[in-house]
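One structure below.
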Amino acid sequence: MKIYNTLSKKKEEFVPLEPGKVKMYVCGPTVYNLIHIGNARPMIVFDTVRRYMEHKGYQVNYVSNFTDVDDKIIKKANEEGVESAVISKRYIAECKKDMAAMNVKPATVHPKATEEIEGMLDMIGMLIEKKHAYVAEDGTVYFRTRSFKEYGKLSHKNLDDLRGGNRSLLVSGEEQKEDSLDFVLWKPKKEGEPYWESPWCNGRPGWHIECSVMSKRYLGDEIDIHAGGEDLVFPHHENEIAQSEAANGKQFAKYWMHNAFLNIDNRKMSKSLGNFFTVRDISEKYDLQVLRFFMLSAHYRSPLNFSAELMEAAKSGYERIVTSVDNLKYLLGAASVEEISVGEERLLETAKSFADKFDEAMEDDFNTADALSSIFELVKFVNTNAGETSSKAFLRELKDELVMLSDICGLIVDKEEEMLDSDIEQLIEERQAARKAKNFARADEIRDELMEKGIILEDTREGVKWKRA
Ligand code: AMP
Ligand code: ZN
4 MKIYNTLSKK KEEFVPLEPG KVKMYVCGPT VYNLIHIGNA RPMIVFDTVR
54 RYMEHKGYQV NYVSNFTDVD DKIIKKANEE GVESAVISKR YIAECKKDMA
104 AMNVKPATVH PKATEEIEGM LDMIGMLIEK KHAYVAEDGT VYFRTRSFKE
154 YGKLSHKNLD DLRGGNRSLL VSGEEQKEDS LDFVLWKPKK EGEPYWESPW
204 CNGRPGWHIE CSVMSKRYLG DEIDIHAGGE DLVFPHHENE IAQSEAANGK
254 QFAKYWMHNA FLNIDNRKMS KSLGNFFTVR DISEKYDLQV LRFFMLSAHY
304 RSPLNFSAEL MEAAKSGYER IVTSVDNLKY LLGAASVEEI SVGEERLLET
354 AKSFADKFDE AMEDDFNTAD ALSSIFELVK FVNTNAGETS SKAFLRELKD
404 ELVMLSDICG LIVDKEEEML DSDIEQLIEE RQAARKAKNF ARADEIRDEL
454 MEKGIILEDT REGVKWKRA
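Written out as structure tokens, the structure reads:
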């Protein structure tokens with residue numbers, strides 16, 4: 004498996020730190036509003052990376068944070084006259100809803116910055132002790148950038164060029180820094196802001212230290228993959244490397260992956276430019292599976308321009324796969340024999356070659372655009388060959404392959420099969436309530452509905468048990 008590593012600017016063979024395991028950290032959103040579809044790009048892309056790795060048998064420990072203390076959150080809280088925590092809690096819940104609707108798997112852990120302050124105090128303390136950080140007169144703690152000799156290695160920037168650039172941008176507070184390149188680890192509170200006590204001043208953490216600390220806590224000093232949008236390369240990820248490697252004395256992440264921007268009229272979609280659609284806006288017009296398909300139709304390192312035409316193309320692409328699966332299910336219902344013929348065995352070999360092509364595309368730095376093309380080759384093959392057979396086994400193999408490849412992309416193409424455990428349990432509860440109320444017609448209706456979706460109910464002494472057919 005090859006991954007393009009921003010650190011080396013090359014595609015490299017993926018070798019995990021520990022065989023069979025992947026430790027992955029993806030920088031998550033700052034939660035002060037509904038997420039826009041630009042924010043959704045890294046979520047979908049790296050969820051697909053995770054799914055592919057799991058498909059290959061890796062156990063993936065996937066950590067993605069929520070930044071829940073930030074100027075923008077505080078501003079929004081002041082506008083509404085509520086505490087910052089009210090805003091961040093609200094938008095974390097909304098973000099999780101959007102992620103579920105896009106079929107983005109929940110991370111193994113979703114840490115929140117405000118719950119990790121202790122770890123931040125520890126790491127900042129350690130950096131001060133090692134002389135990689137210093138405390139200014141007002142209690143601000145700065146990272147001493149020049150003390151980390153490899154600073155600039157991720158963004159391939161030269162320290163002296165950076166210094167020149169920064170000098171013209173001096174802002175207030177800068178004069179207390181030893182060097183204009185130094186960045187904040189901890190800053191004093193301002194009136195009306197949330198704060199925590201620290202040895203240096205009552206205040207709050209800088210943004211960069213959050214990720215270094217959360218990654219260390221949940222994944223350890225060394226991780227396999229660190230990812231996010233390309234706007235994070237500098238300064239965020241560069242600063243994370245400086246903090247983590249200076250504090251831990253080990254290489255922080257082996258592979259750095261960055262997705263290109265989702266643009267609109269060839270400009271980055273962003274809250275500050277006001278040129279954005281929220282995931283919620285899109286969900287009013289489209290099934291979010293279409294949005295997922297749209298995101299995966301380009302390679303993650305290529306810019307992707309959002310347009311109504313491309314969304315319509317994604318819609319018809321996605322529907323072509325769903326229709327093909329529906330067709331297979333219909334044919335399966337009508338097929339008369341179980342066995343598979345020699346001719347069909349041979350055809351299945353051809354069908355399997357599309358799965359090999361899919362893997363080949365994914366092995367090449369997750370080329371989802373080519374991977375989707377091999378799904379379409381399989382769809383075409385299905386549409387040509389499935390109508391000619393009466394073999395259940397043959398049809399089932401085709402359906403399973405189509406569903407499996409789509410599933411690696413996180414695309415739900417067999418909605419019935421994807422009925423969630425929680426939905427099933429909710430229906431069972433409803434059936435129990437109907438029975439209690441002696442509404443047997445409704446109880447039977449629910450049982451039949453579940454049966455149609457392949458869920459078998461069993462009334463036992465310990466209550467209702469269920470299994471998938
Ligand atoms: P933010 O909340 O701005 O920190 O963004 C959360 C994640 O979304 C980061 O990984 C960003 O790089 C990413 N992101 C923000 N805008 C875009 C965009 N227009 N296209 C792709 N990724 C983006
Ligand atoms: Zn981060």
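Each residue of the sequence shown is one higher than the last, beginning at 4 in the working numbering. Where a beta carbon is used, it is the ideal one built from N, C-alpha and C, also for glycine. Just so you know, these numbers come straight off a predicted model, no measurement behind them.
| query | result |
| --- | --- |
| Which one or two residues does DSSP pair with Tyr3 in a beta bridge? | Past the edges of the chain, shown from 4 to 472, lies residue 3, and the structure says nothing about it. |
| With hydrogens ignored, establish whether the beta-carbon of Cys214 is closer than 7 Å to any heavy atom of the ligand ZN. | yes |
| What are the boundary residues of the alpha helix (DSSP H) that Asp362 is part of? | Val345 to Glu366 |
| Counting pairs of Cβ atoms below 8 Å between the segment 40-54 and the segment 293-302, do you hit three or more? | yes |
| So Val138 is in the beta strand (DSSP E); what residue range does that whole segment cover? | Ala136 to Val138 |
| Is the beta carbon of Asn81 closer than 8 Å to that of Gly206? | no |
| With DSSP as the reference, identify every bridge partner of Asn278, one or two as the case may be. | DSSP output for Asn278 lists no bridge partner at all. |
| Can you give me the C-alpha to C-alpha distance between Glu465 and Arg434, rounded to a whole angstrom? | 16 Å |
| Where does Leu375 fall in DSSP's three states? | helix |
| Applying the criterion that 16 or more other CB atoms from any shown protein chain within 10 Å of the CB defines a buried residue, is Ile285 buried or exposed? | buried |
| Within its chain, find whatever has a CB closer than 6 Å to the CB of Lys14; leave out the 5 residues flanking it on each side and keep chain order. | Lys5, Tyr7 and Asp368 |
| Counting Cβ pairs closer than 8 Å, one from the segment 267-279 and one from the segment 140-154, do we hit at least three? | no |
| Could you work out which residue in Tyr333, Leu401, Ala104 and Glu322 is closest to Thr353 when comparing CA atoms only? | Leu401 |
| Shortest alpha-carbon distance to Thr51 belongs to which of Asp451, Gly457, Asp329 and Leu408? | Leu408 |
| Just mark Arg349 as buried or exposed, buried being the case when its beta carbon has 16 or more other beta carbons within 10 Å. | exposed |
| For the ligand ZN, is there any heavy atom lying closer than 7 Å to the beta carbon of Met231? | Before going on, a small fix: residue 231 reads as Gly here, not Met. Correct: Gly231 has its Cβ closer than 7 Å to the ligand ZN. |
| Beta carbon of Cys30: closer than 7 Å to some heavy atom of the ligand ZN? | yes |
| Looking at the structure shown, is Arg304 part of a helix, part of a strand, or coil, going by DSSP? | coil |
| Please name the residue or residues paired with Val64 in a DSSP beta bridge. | Reading the sequence as shown, one finds Asn at residue 64 and not Val. Answer is Lys26, bridged to Asn64. |
| For Thr281 versus His39, is the C-beta distance shorter than 8 Å? | yes |
| Hey, quick one: how far does the beta strand (DSSP E) through Ala256 stretch, first residue to last? | Ala256 to Asn262 |
| Leaving out the 5 sequence neighbours to the left and right, which residues in its chain are closer than 6 Å to Val293 when beta-carbon positions are compared? | Ala317, Lys318 and Tyr321 |
| With burial defined as no fewer than 16 other Cβ atoms inside 10 Å of the residue's Cβ, what is the status of Phe443: buried or exposed? | exposed |
| Please go through the same chain and pick out, in chain order, the residues whose beta-carbon is closer than 8 Å to the beta-carbon of Leu335, but skip the five residues on each side of it. | Lys395, Leu398, Arg399 and Lys402 |
| Please tell me whether, using a cut-off of 7 Å, the distance from the CB of Glu243 to the nearest non-hydrogen atom of the ligand ZN is below it. | yes |
| In this structure, how does DSSP classify Ser171 when only helix, strand and coil are distinguished? | Note that Ser171 scores a pLDDT of 43, beneath 50, so its modelled location is shaky and nothing firm can be said. |
| Let me know the secondary structure DSSP gives Ile229 once reduced to three states. | Sequence check: residue 229 is His here, not Ile. The answer is strand: DSSP assigns His229 an E or B state. |
| Could you give the DSSP three-state label for Asp290: helix, strand or coil? | coil |
| Looking only at its chain, what residues have a beta carbon closer than 8 Å to the beta carbon of Arg166, apart from the 5 residues adjacent to it on each side? | Asp182, Ser183 and Leu184 |
| Helix, strand or coil for Asp71? Go by DSSP, reduced to three states. | coil |
| Got a sec: does the ligand ZN put a non-hydrogen atom nearer than 7 Å to the Cβ of His39? | no |
| According to DSSP, is Trp469 helix, strand or coil? | strand |
| Measure the CB-CB distance between Val382 and Leu331 and report whether it falls below 8 Å. | no |
| Do the segment 219-231 and the segment 247-266 touch if we need at least three Cβ pairs shorter than 8 Å? | yes |
| How about His261: is its Cβ closer than 7 Å to a heavy atom in the ligand ZN? | no |
| Please name the residue, chosen from Glu366, Ile449 and Ala338, that lies closest to Glu16 on a Cα-to-Cα basis. | Glu366 |
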